[in-house]
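**Q** Starting off with a structure, shown below.
In this note's numbering, the protein residues as written are 135 to 592.
This is the structure:
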C-alpha cells in the first residue's frame with residue numbers, strides 16, 4: 135500500500151499496531167448533498183437553494199442550511215487523496231443528491247456520475263463502494279420493490295456499473311444491494327433506503343422486498359471478516375427517538391439479521407451515514423433490562439456529513455478514515471473542514487486561498503477516549519463512560535458537529551434521549567430506556583481495565 139504525505143497521520147494510526155503493513159485503510163464519504171447550481175453571483179438564490187433558510191450569503195465554500203458547491207466536494211476528495219492515496223476502499227454511504235426538493239432525475243444521476251469519476255480518478259487502485267441514500271432518487275425517498283428494470287437502469291445511469299464487478303452488479307439489479315471481496319474482507323452493501331419510513335413504494339407490512347434480507351442472511355454466513363455498510367441504519371435517528379429510520383417491520387428484521395448469534399465473531403464493523411452528525415449506536419440484547427447488560431452485541435458507526443448542517447444542526451464538512459486489522463477495527467480518525475475560517479480567508483483574499491489548510495483532525499477515537507481499539511467491547515465501555523462521566527459526554531457532544539462550536543448545551547433530558555438513541559434499536563427497548571429502566575450502571579472495574587489497556591497498547 136502506498137502511503138502518500140503520511141508522516142503526521144502515521145503517528146496517529148500506525149504506532150499501536152504490530153506493523154504498518156498490517157493496517158488496511160477505508161475512507162468514508164457520506165451525505166454530500168451537492169448543489170450543482172451553487173454559483174458565485176450576488177444573487178442569494180444562486181448561492182443557496184435551501185429548504186431551511188432564505189438568508190443565503192456569498193460564502194465561497196458553502197454555508198449552513200445549503201447544499202455543497204462542487205469546489206468543496208473536490209477539496210474533500212483532494213484532501214483524502216493527499217493523506218491516504220491508496221486505501222483499500224472508499225465507502226460512499228449515500229445521499230449525494232441535494233437536500234432541497236428537485237423536479238427530475240437530472241439532480242441525481244449526473245451528480246452520482248461526477249462523484250464516481252472524481253473518486254475513480256483520485257483512487258484508481260481502490261475499490262469504490264457506493265450505497266444508495268434516501269435522497270438518491272426521484273422522487274426523493276421513493277424506491278420500488280422492483281422485478282423489472284429500475285435497478286438495472288439505476289446501475290447504468292449512475293455510473294456505478296463502472297465501479298463494481300459483475301458479481302456485485304448481478305445482485306444490484308435485484309434491489310440495489312451487493313457484496314464484494316476487498317482484500318481479506320467481505321464488504322456487504324445494503325439498500326436500506328428501500329425500508330425508509332418515507333418510501334411509499336413498498337408495503338410497510340411486507341415480507342422481504344427484493345429478497346434482500348434473505349440474501350443478507352446467507353452473506354453473513356461467510357467465514358471471512360465482514361464489514362456491513364449502508365446509508366440508513368436500523369434504530370432511531372437522533373432527531374426522532376420515537377420513530378425508527380426504517381418501517382417497524384423491516385427495522386426489526388434487519389436488526390435481527392445484523393445481530394444474529396453466530397455471525398458476529400467475524401464482524402469487523404457496521405458503517406452508516408444519514409445521521410449527518412458524528413455518533414454511534416451499541417446493540418444490546420432485547421430480552422434483558424438495560425441495567426443487567428454487561429456487554430454489547432454489536433456497534434453501528436455513523437460518520438458525519440460532508441454537507442454543512444441546517445440552522446438547528448450546524449456542522450463542519452467531514453470525512454472519516456478507518457484503520458483495520460485482519461481481526462478487528464483498530465481505530466478511526468475523524469477530519470473536518472473549518473468552513474467559517476475558509477470562507478473568511480476567501481473573503482479577505484479571493485485569488486489565493488489554499489483550501490487544504492482548512493482540513494484538520496477532529497479527533498482520533500482511541501486517543502480521544504483512551505480505548506485499546508474500536509471493537510464492540512471498547513465501544514460498550516465508552517458508552518458507559520459517556521453516560522457516567524459528564525466530561526466524556528461533553529467531549530462526545532462537541533465532536534458531534536465537527537468542532538463547529540455552535541452546538542446548544544445538552545441538558546439532562548437531552549442527554550437521556552441521546553443515550554437512549556445510542557443504545558436502543560427497537561421500540562420496546564426505546565420505551566424502556568425513556569421510562570428510566572434503560573439507565574445502566576457503569577462498571578468502574580471495566581472502565582479501569584480499558585484505560586489500563588489503552589496505556590499499554592498505545
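Each residue gets a CB set at the ideal place from its N, CA and C atoms; glycine is no exception.
By Cβ distance below 7 Å, which residues in the same chain neighbour residue 303 in space, the five residues on each side in sequence not counted?
**A** These residues qualify, in order along the chain: 289 and 295.
**Q** How long is the line joining the alpha carbons of residue 188 and residue 353, rounded to whole angstroms?
**A** A caution first: residue 188 carries a pLDDT of 45, below 50, which makes its placement in the model unreliable, though a value can still be read off. One C-alpha to the other measures close to 47 Å.
**Q** Measuring straight from C-alpha to C-alpha, what distance separates residue 388 and residue 368?
**A** So the two alpha carbons sit approximately 7 Å from each other.
**Q** Taking just the CA atoms, how far does residue 425 sit from residue 322?
**A** Rounded to the nearest angstrom, the two C-alpha atoms are 33 Å apart.
**Q** Since residue 291 and residue 243 are thought to touch, with beta carbons under 8 Å apart, how far apart are those beta carbons, to the nearest angstrom?
**A** Right, their Cβ atoms sit about 4 Å apart.
**Q** Is it true that the CB of residue 430 sits closer than 7 Å to the CB of residue 410?
**A** No, the Cβ-Cβ distance between residue 410 and residue 430 is not below 7 Å.
**Q** Just checking my contact of residue 258 with residue 226 at CB under 8 Å: how many whole Å lie between their CB atoms?
**A** Contact flag wrong, Cβ pair sits at about 16 Å.
**Q** Exposed or buried, residue 562, counting other C-beta atoms within 10 Å across all chains shown (16 or more means buried)?
**A** With fewer than 16 Cβ atoms within 10 Å of its Cβ, residue 562 is classed as exposed.
**Q** Are the CB atoms of residue 218 and residue 253 nearer to each other than 7 Å?
**A** Contact flag unset, no.
**Q** Which first and last residues belong to the alpha helix (DSSP H) in which residue 286 is found?
**A** Segment 284–292, the alpha helix (DSSP H) holding residue 286.
**Q** Going by DSSP, name the residue or residues bridged to residue 452.
**A** Paired residue(s): 470.
**Q** Based on the DSSP output, what are the partners of residue 158 in its beta bridges?
**A** Partner(s): 458.
**Q** Which residues in the same chain as residue 346 place their Cβ atom closer than 6 Å to its Cβ, once the five residues preceding and following it in sequence are excluded?
**A** Same-chain partners within the cutoff: 309 and 311.
**Q** I'd like the span of the alpha helix (DSSP H) that includes residue 226, first residue to last.
**A** Residue 226 -> not in any alpha helix (DSSP H); beta strand (DSSP E) instead, spanning 223–226.
**Q** To which residues does DSSP link residue 319 through a beta bridge?
**A** The partner list for residue 319 (beta bridge, DSSP) reads 316.
**Q** Between which residues of its own chain and residue 358 is the CB-CB distance below 8 Å, once the five residues before and five after are set aside?
**A** Counting only Cβ-Cβ distances below 8 Å, and skipping sequence neighbours, we find 315, 318, 319, 320 and 400.
**Q** Return the CA-CA distance between residue 356 and residue 193, expressed in angstroms with no decimal places.
**A** Taking the straight line from one Cα to the other gives about 49 Å.
**Q** Which of the three DSSP states, helix, strand or coil, is assigned to residue 213?
**A** Three-state DSSP puts residue 213 in a helix.
**Q** Does residue 394 come out as helix, strand or coil in the three-state DSSP assignment?
**A** Residue 394: coil per DSSP, three-state reduction.
**Q** Considering only the beta carbon of each residue, do residue 476 and residue 489 sit closer than 7 Å?
**A** Yes, Cβ-Cβ distance for residue 476 and residue 489 is below 7 Å.
**Q** Using the C-alpha atoms, what's the distance from residue 220 back to residue 379?
**A** Each residue's Cα considered, the two are about 34 Å apart.
**Q** Since residue 517 is in the alpha helix (DSSP H), which residue starts that stretch and which ends it?
**A** Start and end: 510–522.
**Q** Where residue 437 and residue 447 are concerned, what is the direct C-alpha to C-alpha distance, given to the nearest angstrom?
**A** Going from the Cα of residue 437 to the Cα of residue 447 covers about 15 Å.
**Q** Only counting runs of 3 or more residues, tell me where the beta strand (DSSP E) segments fall wholly within the stretch 357–436, in order along the chain.
**A** Entirely contained in the stretch 357–436, the beta strand (DSSP E) runs reaching 3 residues are, in chain order, 360–363, 401–406, 413–417 and 432–436.
**Q** In the DSSP output, which residue or residues are listed as bridge partners for residue 493?
**A** In DSSP, residue 493 forms a bridge with 471.
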